[in-house]
Amino acid sequence: MAKNDSIWRLVIVLTCISLLAALALTGVYALTKGPIEQGQREKKEKALQAVLPDYEGTVRDTVIVDADNESIPVHLAIGKDGELCGAGIETYTKKAFAGRFDLMVGFDAEGTIVNTEVLKAGETPGLGDKINKDKSEFAMQFNHQNPADYKLVVKKDGGDVDAITAATISSRAYCDAVQRAYDIFMKIKEDYHE
Numbered sequence: 041m042a043k044n045d046s047i048w049r050l051v052i053v054l055t056c057i058s059l060l061a062a063l064a065l066t067g068v069y070a071l072t073k074g075p076i077e078q079g080q081r082e083k084k085e086k087a088l089q090a091v092l093p094d095y096e097g098t099v100r101d102t103v104i105v106d107a108d109n110e111s112i113p114v115h116l117a118i119g120k121d122g123e124l125c126g127a128g129i130e131t132y133t134k135k136a137f138a139g140r141f142d143l144m145v146g147f148d149a150e151g152t153i154v155n156t157e158v159l160k161a162g163e164t165p166g167l168g169d170k171i172n173k174d175k176s177e178f179a180m181q182f183n184h185q186n187p188a189d190y191k192l193v194v195k196k197d198g199g200d201v202d203a204i205t206a207a208t209i210s211s212r213a214y215c216d217a218v219q220r221a222y223d224i225f226m227k228i229k230e231d232y233h234e
């Protein structure tokens with residue numbers, strides 16, 4: 041009989057500890073959710089400013105659903121006369137070594153890449169994380185290139201992109217994300233009416 045009482049006591053104590061831990065985690069989540077979301081918004085805004093071409097006008101936000109049924113935020117740079125001056129496209133790839141990463145890619149009106157910025161990635165430190173500009177110059181090779189005549193494939197696979205040494209998967213994934221953004225931009229450009 042005493043053995044059953046001690047088992048029930050253990051169950052009750054463990055249940056109380058679990059409830060307290062769950063309450064603590066809920067509290068921490070509630071406290072950090074807002075600042076994390078604000079930080080992500082600020083990072084996207086900063087990335088958008090870095091990738092859009094120089095123009096005078098406004099930004100019009102829209103969402104495009106891609107071939108994989110993913111919603112892609114698109115930020116159109118609209119000139120004062122209503123002309124399409126370029127766009128910043130929040131693109132992604134699911135081919136990364138860590139599974140997925142997100143980029144912001146900017147284009148001018150002709151489809152030339154203005155700049156790229158990593159929004160979120162979890163690539164291997166010291167290797168795949170070299171997609172980040174503070175780790176290497178890899179991303180700079182995309183700037184001022186027009187994918188109409190610059191093949192967004194690593195050289196090892198017959199393209200024009202120099203891969204990151206020992207991180208070919210991450211390099212291929214980066215190319216995939218940029219190509220996705222370019223395809224979306226060209227579709228928008230084709231369908232754009234002032």
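Residue 149 in our numbering sits at position 109 of the sequence shown, with consecutive numbering throughout.
Beta carbons: idealized from backbone N, C-alpha and C, even for Gly.
Only a predicted model underlies this, so the values are computations on that prediction, with no experimental measurement involved.
Less than 8 Å between the CB atoms is what I'm expecting for residue i and residue j, so what's the real figure, rounded?
{"i": "V154", "j": "L88", "result": "Incorrect: roughly 11 Å between the Cβ atoms, too far for contact."}
{"i": "D142", "j": "L159", "result": "4 Å"}
{"i": "V99", "j": "H115", "result": "5 Å"}
Can the beta-carbon of residue i be found closer than 9 Å to that of residue j?
{"i": "A149", "j": "E123", "result": "yes"}
{"i": "G97", "j": "G119", "result": "yes"}
{"i": "A136", "j": "I209", "result": "yes"}
{"i": "D202", "j": "F178", "result": "yes"}
{"i": "M180", "j": "K173", "result": "yes"}
{"i": "Q185", "j": "D200", "result": "yes"}
{"i": "T156", "j": "R220", "result": "no"}
Is residue i buried or exposed, if buried means 16 or more other CB atoms sit within 10 Å of its CB?
{"i": "T152", "result": "buried"}
{"i": "K170", "result": "buried"}
{"i": "R49", "result": "exposed"}
{"i": "K227", "result": "exposed"}
{"i": "V23", "result": "The chain is shown only over 41 to 234; residue 23 falls outside these bounds and no answer can be derived."}
{"i": "K84", "result": "buried"}
Quick check: what's the CA-CA separation for residue i versus residue j?
{"i": "P113", "j": "T131", "result": "8 Å"}
{"i": "P75", "j": "I47", "result": "43 Å"}
{"i": "D101", "j": "G128", "result": "9 Å"}
{"i": "A70", "j": "S58", "result": "18 Å"}
{"i": "C55", "j": "T66", "result": "Here residue 55 turns out to be Thr, not Cys, going by the sequence shown. So the two alpha carbons sit approximately 16 Å from each other."}
{"i": "A107", "j": "V51", "result": "51 Å"}
{"i": "A138", "j": "G162", "result": "6 Å"}
{"i": "T164", "j": "D121", "result": "45 Å"}
{"i": "R212", "j": "P187", "result": "15 Å"}
{"i": "A117", "j": "G79", "result": "23 Å"}
{"i": "K43", "j": "V53", "result": "15 Å"}
{"i": "K229", "j": "A61", "result": "52 Å"}
{"i": "D231", "j": "V68", "result": "46 Å"}
{"i": "E82", "j": "M144", "result": "13 Å"}
{"i": "R140", "j": "D45", "result": "50 Å"}
{"i": "A206", "j": "T72", "result": "36 Å"}
{"i": "G126", "j": "N109", "result": "24 Å"}
{"i": "E77", "j": "L63", "result": "21 Å"}
{"i": "K195", "j": "D189", "result": "14 Å"}
{"i": "S176", "j": "D94", "result": "25 Å"}
Would you say residue i reaches chain C, if we count a Cβ-Cβ gap shorter than 9 Å as a contact?
{"i": "P113", "result": "In the displayed structure, chain C is absent; only one protein chain is listed."}
Output the residue ranges of the beta strand (DSSP E) runs that lie fully inside the segment 143-185 and measure 3 residues or longer, sorted by chain position. If we require 3 residues or more, the beta strand (DSSP E) runs fully inside the segment 143-185 come out as 153-160.
Please give me, in chain order, every unbroken run of the beta strand (DSSP E) with length at least 3 that falls completely inside the segment 58-134. Runs found: 97-105 and 111-119.
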